[in-house]
Amino acid sequence: MVRSIRMRAPIRSLALAALLLSGFPLFPGGSRAEPQGGALPRPQRHVLPNGVVLIVQEHRASDVVSLQMWVRVGGRDEAPEELGLSHYLEHMLFKGTPTRPPGSIDLMVESVGGQSNAFTSYDFTHFDVVLPADQAAVGIALLADIAVNASFDQTELDRERLVVLDEMRLTEDDAERFLGRRLSEEAYTPTPYGRSILGTPQLIKELTRERLARYYRERYVPKNMSLVVVGAVDPESIRRTATQTFGRLGGEGKPRAAMPPQPDPGGRASDVPRPEKQAYLGLAWKTPQVSNDDVPATDLLTYILGDSPSSRLNVAVRDRKGLVSTIEAGYVTRQFGGLVTVTARLEPQNLEKAEAAILDEIRRVQEEGVTEAERQRAIITAEANYAFDIETVEGLARDYGEAETNWTLDNELNYLSRLRQITGAQIQAAARKYFGDKDYARVRFVPERAAR
Amino acid sequence: MTRLILLALLGLMLPPTTLAGELPVVKERLDNGLTLLVRENPSAPVVAVSLLVRMGSRWETPQIAGISNFVQAVIVKGTTKRNGGEIAEAIAGLGGKLSANGDTDYSEIRGTALARFWRELLGLTAELALEPALLPDQAESERDFLVARLQKREDNPTTRAFDTFFAKLYGAHPYALPTLGTRQSLARIDHQAIVAWYRRFYRPERMVLAFSGQAPAAEVVAEARRLFAALPPATAPAIDPPLPAPTRAGGRSVTAQPAQQTQILMGSLAPRVGDRDYAAVKLLSTVLGGGLAGRLFVELRDRQGLAYTVNAFFDPSRDPGSFVVYMGTAPENGARAEQALAREIERIRTERVSGEELRRAKAYLLGALAMDRRTNARQAWYLAFFEIEGVGYEFPARYRAAVETVTADDLLRVARTYLRPLTTVILHPPDKR
Chain G
1 MVRSIRMRAP IRSLALAALL LSGFPLFPGG SRAEPQGGAL PRPQRHVLPN GVVLIVQEHR
61 ASDVVSLQMW VRVGGRDEAP EELGLSHYLE HMLFKGTPTR PPGSIDLMVE SVGGQSNAFT
121 SYDFTHFDVV LPADQAAVGI ALLADIAVNA SFDQTELDRE RLVVLDEMRL TEDDAERFLG
181 RRLSEEAYTP TPYGRSILGT PQLIKELTRE RLARYYRERY VPKNMSLVVV GAVDPESIRR
241 TATQTFGRLG GEGKPRAAMP PQPDPGGRAS DVPRPEKQAY LGLAWKTPQV SNDDVPATDL
301 LTYILGDSPS SRLNVAVRDR KGLVSTIEAG YVTRQFGGLV TVTARLEPQN LEKAEAAILD
361 EIRRVQEEGV TEAERQRAII TAEANYAFDI ETVEGLARDY GEAETNWTLD NELNYLSRLR
421 QITGAQIQAA ARKYFGDKDY ARVRFVPERA AR
Chain A
453 MTRLILLALL GLMLPPTTLA GELPVVKERL DNGLTLLVRE NPSAPVVAVS LLVRMGSRWE
513 TPQIAGISNF VQAVIVKGTT KRNGGEIAEA IAGLGGKLSA NGDTDYSEIR GTALARFWRE
573 LLGLTAELAL EPALLPDQAE SERDFLVARL QKREDNPTTR AFDTFFAKLY GAHPYALPTL
633 GTRQSLARID HQAIVAWYRR FYRPERMVLA FSGQAPAAEV VAEARRLFAA LPPATAPAID
693 PPLPAPTRAG GRSVTAQPAQ QTQILMGSLA PRVGDRDYAA VKLLSTVLGG GLAGRLFVEL
753 RDRQGLAYTV NAFFDPSRDP GSFVVYMGTA PENGARAEQA LAREIERIRT ERVSGEELRR
813 AKAYLLGALA MDRRTNARQA WYLAFFEIEG VGYEFPARYR AAVETVTADD LLRVARTYLR
873 PLTTVILHPP DKR
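As given, the protein sequences belong to chains G and A, one line each in that order.
For the first sequence, this note's numbering assigns the number 1 to the initial residue and increments by one for each residue that follows.
For the second sequence, this note's numbering assigns the number 453 to the initial residue and increments by one for each residue that follows.
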């Protein structure tokens, strides 16, 4: 699938501090790896009678299995008074069900050497468990249980309020993450994609168990769910287990609201005073939704502009002109309307020069096109992203789950061959069509002492 | 078209079945002293390389802090054959990534590529390590980028808190120095110093080259030998002066930093990798901070709602290592959070952990490490890391056995031995006390 800079809120991730601290190696341990062979089989896709989609792939790169539940509910589905509920639900689901008391789920997963995680986005919510392969059935039963039976224990619910409020502060302290969020708000407002996934402090303080439970009943229904299983498993036995668990879930739920058209971000601009001494610059152009035929060309253009140290923006704006410390381009792929963003960290006095230099580079692509070498490097990079995803079962499962939820699995499987057919002329045409000089939203983080 | 057919067309068919368990590693020591480790891993059509050199901040002084990382930054900016732009294009053309950085005990050049380009990736790694241009203007422009990175670490409350913590914990010992250096040291390090530092440390007997991925091991070994044999053996013995002992002073310091959150770090000196107590202290950090069922997470996040992030780290790649618990919390909860952290440390120092907790910690620790060792990039790094730290690349098997035998009494003993005196560092927003 198209790379995205995944502007979603990682929730249960413990890795944050580790990511920030390059000085911390992870620690040694034993591999239970059981590499195998044969060709990677095609994933099987089944629609269970109640509407739950099962995607299963046997993949014996190691003797673990990734079990992922993808639910078609996210920030975009919330009414104004429901802001933050999708994300709050994600926090609450692992807390327990009538048969699994608080704390017991994490203990069960970790006592067999497994790990769990979850994410909330605008278009979906995603739960992810990695377990030893012989625990697959136990894991599927767990996911099916939390899918509809979450208890929402009042004490647990009240305690979690403080955690979510703290998460808001954490997001704001991380300049790069916060820039992504502000840029998305700027470019997508007033559609639901422009709102905060976490909600507002006021709404979180007022959140009631009844409202949360109602939202859960309306949204966590079979037709909104996909189960993705990738690992050292037998697909037929996974299918039986899924049928006996996910296949028995009921509920009709509520149809998803239609999304309003994506607004034109041209000319929108905000300056945000910040405590950092360096400045941050973010620009965002509106690009087509994931099903559009222009997506592959726009994706390649994004690679060529800002994916690596050899990309145009890195070479021109960072290395040659020395205007920024870092610069990159990213593709935000939402179901109804994408963005291509260019973000940079720089000295405040270079803000205007850097923005002009970025526009110059884009203009150059519009006028002169890209080279064949650039086109080929971009395709190889896309191919490599797939190849590296195969290293872990959860990487592959994420590709499949996001495609099933936001796009289609077939599109995902065909995507690389579509990329290969894109010509330089099509990339140039995408640059002309979507990257107009006045068509972008801008957010700048300006050091407080220099803020206007 | 299915993914399967697509992969076949790309030449990415996956390989035949291999036996269960650890994949074999080929180890060779070249005549010039360089250590070579190659693991053929058929599981995905990619390869990774990690070249570690015994060069890092443990050999630095405050005057030249950051010079190892500086050397690494300049190395990737060009060789005698290619400039930085050409190198960047070459690696992108392999579907890969390449970077270099300095650490405390070693510095690393690491790279990845699609498997069919394994030869090119090795060649590029050798070219960077053996024939870097190290030009004066490259040093000048990298200095500016390094100063900007330093600013970013200072601007971010979490990274700043950790840098402050290590400075306090290690005192006069060079592990107190930031890997990136300081503004003053970076300004002082000139082109000549960079060249001299490179020559002093880039010697074959100080290097470990590890490779993991879908490529024939025998051919990889032959190619690596061909590329690195050109490096002449060292003529004089290396100078690795003894390090001053860190002060075990403990203490508490509070620094003002504008932010939404308060950062709290608490920790102490700890064993190093391979020490007798290493596995027990790893388990100690896992009981406290490993996973979502660890004590700190359950007690401070789930029960008290004090923080979104709370964690424990044990970094053994230093001599001595460090043990630290970390928490970011609301400023108004700062005092409560600090007391709660101290209480958890006191509890683990005085009460034996339960059998269930110990079982969970062992399973989680070994499971997490197995999962982390699934990618070729991590595999290559682990191989080289254990070798460079002196315990040997096959350390994981011994370590796994050691973890299995740790008892609750062992945990109590190491908690009492190592978790004191405590060094505490707090970063607090100035106007939100």
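The C-beta atom is built at its ideal place from N, Cα and C for all residues, glycine as well.
These numbers were taken from a predicted model, which means no experiment stands behind them.
Would you list the one or two residues that DSSP bridges to residue i?
i: Arg100/G; result: Thr97/G
i: Met92/G; result: Per DSSP, none; premise fails for Met92/G.
i: Phe775/A; result: Ser720/A and Phe766/A
i: Asp271/G; result: Arg444/G
i: His226/G; result: Sequence inspection shows Ser at residue 226/G; the His mentioned does not correspond to that position. Per DSSP, Val53/G and Trp70/G.
i: Tyr453/G; result: For residue 453/G there is no data in the structure shown, the boundaries of chain G being 1 and 452.
i: Leu503/A; result: Ile561/A and Leu661/A
i: Ser116/G; result: Val129/G
i: Glu480/A; result: Leu488/A
i: Ile878/A; result: Val706/A and Ile716/A
i: Ala759/A; result: Thr781/A
i: Arg45/G; result: Ile55/G
I need the straight-line Cα distance from residue i to residue j, nearest angstrom please.
i: Gly23/G; j: Leu817/A; result: Per-residue confidence for Gly23/G stands at a pLDDT of 26, beneath the threshold of 50, marking its modelled position as unreliable; the derived number appears in the next sentence. Cα to Cα, the separation comes out at about 20 Å.
i: Arg522/G; j: Leu323/G; result: Since the first residue of chain G shown is 1 and the last is 452, residue 522/G is not available in this structure.
i: Pro898/A; j: Ala600/A; result: There is no way to answer for residue 898/A, as the model of chain A reaches only from 453 to 885.
i: Ser311/G; j: Gly741/A; result: 40 Å
i: Leu871/A; j: Gly719/A; result: 7 Å
i: Arg795/A; j: Glu751/A; result: 11 Å
i: Ala354/G; j: Val332/G; result: 22 Å
i: Gly702/A; j: Leu638/A; result: 29 Å
i: Asp437/G; j: Ala667/A; result: 47 Å
i: Ala33/G; j: Asn117/G; result: Caution applies to Ala33/G, whose pLDDT of 31 falls short of 50 and renders its modelled position unreliable; the value that the coordinates give is listed next. Those two C-alpha atoms are separated by around 21 Å.
i: Asp439/G; j: Ile422/G; result: 24 Å
i: Trp570/A; j: Val501/A; result: 9 Å
i: Leu879/A; j: Ile146/G; result: 38 Å
i: Leu281/G; j: Ser86/G; result: 30 Å
i: Lys277/G; j: Pro348/G; result: 8 Å
i: Leu142/G; j: Pro192/G; result: 31 Å
i: Val56/G; j: Val230/G; result: 6 Å
i: Ser66/G; j: Ala731/A; result: 28 Å
i: Gly103/G; j: Gln202/G; result: 28 Å
i: Leu632/A; j: Phe618/A; result: 13 Å
I'd like to know if residue i contacts chain G, where contact means its C-beta is closer than 9 Å to some C-beta of that chain.
i: Ile543/A; result: yes
i: Glu583/A; result: no
i: Tyr622/A; result: no
i: Val750/A; result: yes
i: Tyr870/A; result: no
i: Glu606/A; result: yes
i: Lys479/A; result: no
i: Arg811/A; result: yes
i: Lys549/A; result: yes
i: Pro693/A; result: no
i: Asn484/A; result: no
Quick one: does residue i have its CB under 9 Å from some CB of chain D?
i: Ser86/G; result: The question asks about chain D, but that chain is absent: this structure's protein chains are G and A.
At a Cβ threshold of 9 Å, is residue i touching chain A?
i: Val229/G; result: no
i: Thr381/G; result: yes
i: Glu58/G; result: no
i: Ser116/G; result: yes
i: Pro132/G; result: yes
i: Asp293/G; result: no
i: Gln278/G; result: yes
Relative to the ligand SAH, is the shortest distance from any of its heavy atoms to the C-beta of residue i smaller than 8 Å?
i: Ser62/G; result: Of ligands this structure carries none, so the ligand SAH is not represented either.
Margin query: Suppose only complete runs of 4+ residues qualify. What are the alpha helix (DSSP H) ranges in the stretch 231–286 of chain G, listed by chain order?
Written below: 235–244
Checklist line | the stretch 831–848 of chain A contacting the stretch 554–572 of chain A, beta-carbon criterion three pairs below 8 Å | finding: yes
Next item on the list: Would you check if the stretch 402–410 of chain G and the stretch 338–356 of chain G touch, i.e. whether three or more CB-CB distances between them fall below 8 Å?
Entry: no
Note to self: Between the stretch 373–390 of chain G and the stretch 563–581 of chain A, can you find at least three pairs of beta-carbon atoms closer than 8 Å?
What the structure shows: yes
Check: Three or more beta-carbon pairs under 8 Å between the stretch 180–197 of chain G and the stretch 262–275 of chain G, yes or no?
Finding: yes
Notebook entry, point to check: Fully enclosed by the stretch 365–393 of chain G, which alpha helix (DSSP H) runs are 4 residues long or longer?
Noted result: 372–389
Notebook entry, point to check: With a cut-off of 8 Å, do at least 3 Cβ pairs link the stretch 192–208 of chain G to the stretch 117–132 of chain G?
Noted result: yes
Check: Any contact of the stretch 493–511 of chain A with the stretch 642–656 of chain A, i.e. 3+ C-beta pairs under 8 Å?
Finding: yes
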